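**Student:** Dumping the structure here so I can ask a few things about it.
In our numbering, the protein residues as written are 53 to 151.
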């Protein structure tokens, strides 16, 4: 025996919470977008204001990618736990059949 023990129900519950948190973060993140008025940099600094506005949008977009990565990881985790559970069940049934 490998000594591996995984509480499938607990693992899936934890991953479900991670999925829900990821969805909540995604919903809240995409509900807003950075807004930096170019004129806020000053009359003679429109180019700087434009650069700041673009930088803030890039940071926001990077945040979206990170949140999406967490969501994808949680989904993949659920799939892997389900595969593990299926293999474990099949292996257990085969062991019982040989007894």
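Glycine included, every Cβ here is placed at the ideal spot set by N, Cα and C. None of these values were measured; they are calculated from a predicted model.
(1) Which same chain residues end up closer than 8 Å to residue 130 when comparing Cβ atoms and leaving out the 5 residues on each side of it in sequence?
(2) By a C-beta neighbour count over all protein chains shown, 10 Å radius and 16 as the cutoff for buried, is residue 126 buried or exposed?
(3) Cβ atoms of residue 78 and residue 119: under 8 Å apart, would you say?
(4) Could you name the residues of the same chain whose beta carbon sits closer than 7 Å to that of residue 80, not counting the 5 residues immediately before and after it, in chain order?
(5) Which of the three DSSP states is assigned to residue 125 in this structure?
**Tutor:** With the given structure in hand:
(1) 64, 67, 68, 71
(2) buried
(3) yes
(4) none
(5) helix
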